[in-house]
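Structure, as structure tokens:
Right under this line is the structure:
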């Protein structure tokens, strides 16, 4: 049985002589041990019932022994071979069937996997399609928003491709570039729009843009329509796609032409005088340093001229600032005409000008220039319909003769100017080393004078005015004296010209007016007979716009009646602007103040105007009185003034009467009033009435 179980036999033949139940069990066991081997039973007890039982127990065929023959054996063996072949075929078919089933299973699994993959892909595609549709809608919306923003943006937007050609140009950019036609827009490049002189400056920014860097620049284009230059601010940034540069550049454009103009105006104002357009002090100093550097290279002389307009402040105060500004502009034009294009004419402030002359061979050229300037400024100025006469004082320093540094040249030119003004103005003066001490002395005196005004270190002396007929003292002229802390009493001739030159006369005059009116009021309060207080007004004070309120303010402050104040005005001050002078006189007369023309006869006043002056007195200048006995011309002039006064019903006062003979001559000539040393020297207030009582 073991051999049968493990063997690979084609046929098993059982032979029994008497099978019995044990035999049947053995056949049954053999058929179950190896079902693939057919069992053939050769038995001596063959019957249909037995064969049926045997066949049920696994036997393939039952052959009766008596029927056994060679043919039967051949049939058995043929059966075994056929069966074996059939089994092999069946086995092969079965294997093929199994392989097919397996292949079909694998194919099915692959198909199912592919189906699942396809389903996932389809789902992914559907999702991607949905995302794409959303993205497309978003992109379309973004593009629409971008276009709306771009089309209404106040900033020019210019999208250029890798070849610098236009992809998109918004309306603002088209307007800035003045490109209206679409074809022209598409063909436009920044390079062919900028000025040829600036194209080289585009190389670095363009290279930066194409290298993925943002860069800004300013450039100038010429408008295709207007033909005008435009200044642009361009901010460029490269565009990227998925992190990669594609060569496209987005340019933002702004027209900064107006800003450039404003910057230019600001720059000009920072270095130029707004009134005259001349270089200001800052630019002047820079030009002077440049001129000195040029002089060091060429070895040529350089001249620095400082110039002041004489008595300009008087005109500015009397006629107003607009008139003064007009005069300054006209004076600037005249200075420019006197100088060369290579020279610098600067306004340093007020009426102060400076001129830098370079490339000079000698000082003679500077002398000629100074003379030309004085002549040009001396020509009449037509200001607001009036002819105004002024002059100029000029100080000159030279490089390298006087100094080789800008600061010292400026200092020396200023000293020379100061000296020219001290010598009487309307002249020029070259610096010399001796000026230094004189200028320092004058500067120190000026500072002392300013301090004296602050400290009110002034006193008044009073000289009596009387009637020649009876000797009655009817008035007093207030004369100012400066009490210097170290020099003592400073006479007027030493500080009045300085005060006029520096503009301090206005403050001093106001102080004198207040002190004199206060003193007159104190004399009244002390019981002395009322007298008329005479106070001198400088031209600056008289022509000032605030004269009337200032006089009224002093009268109100001191309590002096207006009829007891007489203001003396020089003939030259009145003639500077006669129409304004007449108006000012009427204003003063309307409040009760008396007026007198001082130093009459020394000027060139018009008799036609004199009769219009609302004055009460004419004062004969002391220069005519001093020689009245010995000089017939002076005597004749004095007599003419007396006669003129009588004809105009004016009081006449002779100044500087020093002896009885002069007084008698004047009395006989018809002069009614006088003052001078013969009648009394100027005295302090405390001594004024005591002296009159003693005399």
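In this note's numbering, the protein residues as written are 1 to 695. Each residue gets a CB set at the ideal place from its N, CA and C atoms; glycine is no exception.
Check: Validate contact between the stretch 502 to 509 and the stretch 534 to 546 using beta carbons, cut 8 Å, 3 pairs; Outcome: yes
Check: Inter-residue spacing [alpha-carbon to alpha-carbon] between residue 740 and residue 390; Outcome: Residue 740 falls outside the range modelled here, since the chain spans only 1 to 695, and no answer is possible.
Check: Residue 168 - partner residues in DSSP beta bridges; Outcome: 159
Check: Cβ contact check for the stretch 280 to 294 and the stretch 465 to 481: 3 or more pairs under 8 Å; Outcome: no
Check: The stretch 270 to 287 in contact with the stretch 334 to 349 per 3-pair CB rule at 8 Å; Outcome: yes
Check: Pick from 384, 671, 473, 205 that is closest to residue 640, judged by C-alpha positions; Outcome: 671
Check: Residue 674 - DSSP class collapsed to helix/strand/coil; Outcome: strand
Check: Bounding residues of the alpha helix (DSSP H) (the contiguous stretch that carries residue 197); Outcome: Here residue 197 belongs to no alpha helix (DSSP H), and DSSP marks it neither H nor E.
Check: Same chain, Cβ closer than 7 Å to residue 636, neighbours up to 5 away in sequence not counted; Outcome: none
Check: Three-state class that DSSP yields for residue 639 in the structure shown; Outcome: helix
Check: Candidates 175, 247, 192: closest to residue 208 by CA position; Outcome: 247
Check: Residue span of the beta strand (DSSP E) that contains residue 301, given as start and end; Outcome: 301 to 309
Check: Beta bridge counterpart(s) of residue 536 as assigned by DSSP; Outcome: 568
Check: Bridge-paired residues (DSSP) for residue 600; Outcome: 620
Check: C-alpha gap between residue 443 and residue 566, whole angstroms; Outcome: 34 Å
Check: Residue 408 to residue 505 span [Cα, whole Å]; Outcome: 30 Å
Check: Local Cβ density within 10 Å of residue 2, reported as buried at 16 or more and exposed below that; Outcome: Confidence in residue 2 is poor, its pLDDT being 49 and thus under 50, which makes the residue's placement too unreliable to answer from.
Check: Cα-Cα separation between residue 551 and residue 285, rounded to whole angstroms; Outcome: 44 Å
Check: Beta-carbon proximity list for residue 500, same chain, < 6 Å, skipping 5 on both sides; Outcome: none
Check: Start-to-end residues for the alpha helix (DSSP H) that takes in residue 476; Outcome: Premise fails: residue 476 lies in the beta strand (DSSP E), 473 to 484, not in any alpha helix (DSSP H).
Check: Cβ-based neighbour list, residue 496, same chain, cut-off 6 Å, excluding 5 preceding and 5 following; Outcome: none
Check: Segment contact, 8 Å Cβ cut-off, at least three pairs: the stretch 329 to 344 with the stretch 409 to 425; Outcome: no
Check: Inter-residue Cα distance where the pair is residue 626 and residue 656; Outcome: 7 Å
Check: Beta-carbon contacts of residue 430 that lie in its chain and below 7 Å, excluding the five residues immediately before and after; Outcome: 396, 416
Check: Reference residue 174; option with closest CA among 191, 154, 473, 162; Outcome: 154
Check: Distance between residue 384 and residue 645 (C-alpha atoms, nearest Å); Outcome: 33 Å
Check: Cβ neighbours of residue 421 in the same chain (closer than 7 Å, five flanking residues each side left out); Outcome: 308, 393, 501
Check: For residue 296, the residue or residues it bridges with in DSSP; Outcome: Beta-bridge pairing links residue 296 to no other residue.
Check: For residue 611, the three-state DSSP class (helix, strand or coil); Outcome: coil
Check: Bridge partner(s) assigned by DSSP for residue 279; Outcome: 272
Check: Any 3 or more C-beta pairs closer than 8 Å across the stretch 321 to 331 and the stretch 373 to 384; Outcome: yes
Check: DSSP three-state assignment for residue 591, whether helix, strand or coil; Outcome: coil
Check: Complete runs of the beta strand (DSSP E) confined to the stretch 326 to 398 [at least 3 residues]; Outcome: 344 to 349, 352 to 360, 381 to 383, 386 to 388
Check: Contact the stretch 295 to 305 vs the stretch 359 to 373: 3+ CB pairs below 8 Å; Outcome: yes
Check: Alpha-carbon spacing of residue 452 relative to residue 514, whole angstroms; Outcome: 16 Å
Check: Pairwise C-alpha distance: residue 487 and residue 400; Outcome: 39 Å
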